[in-house]
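Below is one structure; the comments refer to it alone.
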Amino acid sequence: MTTYHQRVAQEKRALIVQAATQLFLELGYDRASLARIAEEAGVSKATLFKQFPTKAALFDAIVIDSWAGGDDVEMPSAGDLVAGLTTLGRHYAALLGRPGMADLFRIVIAELPRFPELAKAHFAEGKLPYFETVRAYLMAERDAGTADITDPQMATTQFLGMISNYLFWPSLLVPGWTVPPDRVIAVVDDAVRTMVARYGRPGNR
Numbered sequence: 006m007t008t009y010h011q012r013v014a015q016e017k018r019a020l021i022v023q024a025a026t027q028l029f030l031e032l033g034y035d036r037a038s039l040a041r042i043a044e045e046a047g048v049s050k051a052t053l054f055k056q057f058p059t060k061a062a063l064f065d066a067i068v069i070d071s072w073a074g075g076d077d078v079e080m081p082s083a084g085d086l087v088a089g090l091t092t093l094g095r096h097y098a099a100l101l102g103r104p105g106m107a108d109l110f111r112i113v114i115a116e117l118p119r120f121p122e123l124a125k126a127h128f129a130e131g132k133l134p135y136f137e138t139v140r141a142y143l144m145a146e147r148d149a150g151t152a153d154i155t156d157p158q159m160a161t162t163q164f165l166g167m168i169s170n171y172l173f174w175p176s177l178l179v180p181g182w183t184v185p186p187d188r189v190i191a192v193v194d195d196a197v198r199t200m201v202a203r204y205g206r207p208g209n210r
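Numbering (the numbering used here), first residue to last: 6 to 210.
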């Protein structure tokens, strides 16, 4: 495929994903047909089916696009708990603040009773890779002797929860909820301080 055709294919893919996200929100996952999505995206049904043969494949693409960059974040080196958690926390806050992330969660929540597989795909392809990166980092700090963590999974849940509970979840319920950039930094820094106070070994707090 030539560079031109690759660019055209990428542009059409973006239009399809955008149209699908909007229609899933408006009509629900079940009622939003691939034909209607193709129409709203301004592409032929053949073009849509070539890229996304099923609705499930299209939803997977929405999840992957929303979390893109989350699973390839470079894990900080162990030895400085504050610096490492700050890097991971700010990256997580940036992911949650991306346009469309709240819409993705709304789709999953709305369709959970009828399509639980959507939630499973969202977790497996979206949040889980980032969760595993943070968990691996905390285990590395434990092994390096800079943190006293007996349950890395619990510690990871606590850290990411402190960030998302302030920066993200209210946006699903409170119209117009926004957090200014300086407040985002403060939320992450407070979460880091709490984690270090709880798990940092003496000399690493």
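Note that the Cβ used here is the ideal one computed from N, Cα and C, for glycine as well.
For residue 10, is the classification buried or exposed, using 16 other Cβ atoms within 10 angstroms of its Cβ as the cut-off for buried?
By the neighbour-count rule (16 or more Cβ atoms within 10 Å), residue 10 is not buried but exposed.
Per DSSP, which residues does residue 88 bridge with? Please list them.
None; residue 88 has no bridge partner.
Checking 7 Å against the spacing of the C-beta atoms, do residue 93 and residue 201 come in under that value?
Cβ atoms of residue 93 and residue 201: not closer than 7 Å.
Inter-residue spacing [alpha-carbon to alpha-carbon] between residue 181 and residue 172
Cα to Cα, residue 181 sits roughly 13 Å from residue 172.
Residue 196 and residue 159: beta carbons closer than 7 Å?
The criterion of a C-beta distance shorter than 7 Å is not satisfied by residue 196 and residue 159.
Of the residues 64, 125, 149 and 20, the one placed nearest residue 81, counting alpha carbons only:
Looking at the Cα atoms, 149 is the closest of the given residues.
In the structure shown, what three-state DSSP assignment does residue 166 receive?
Three-state result, residue 166: helix.
Can you tell me which of 120, 52 and 125 puts its alpha carbon nearest to the alpha carbon of residue 14?
Closest in alpha carbon position to residue 14, among 120, 52 and 125, is 52.
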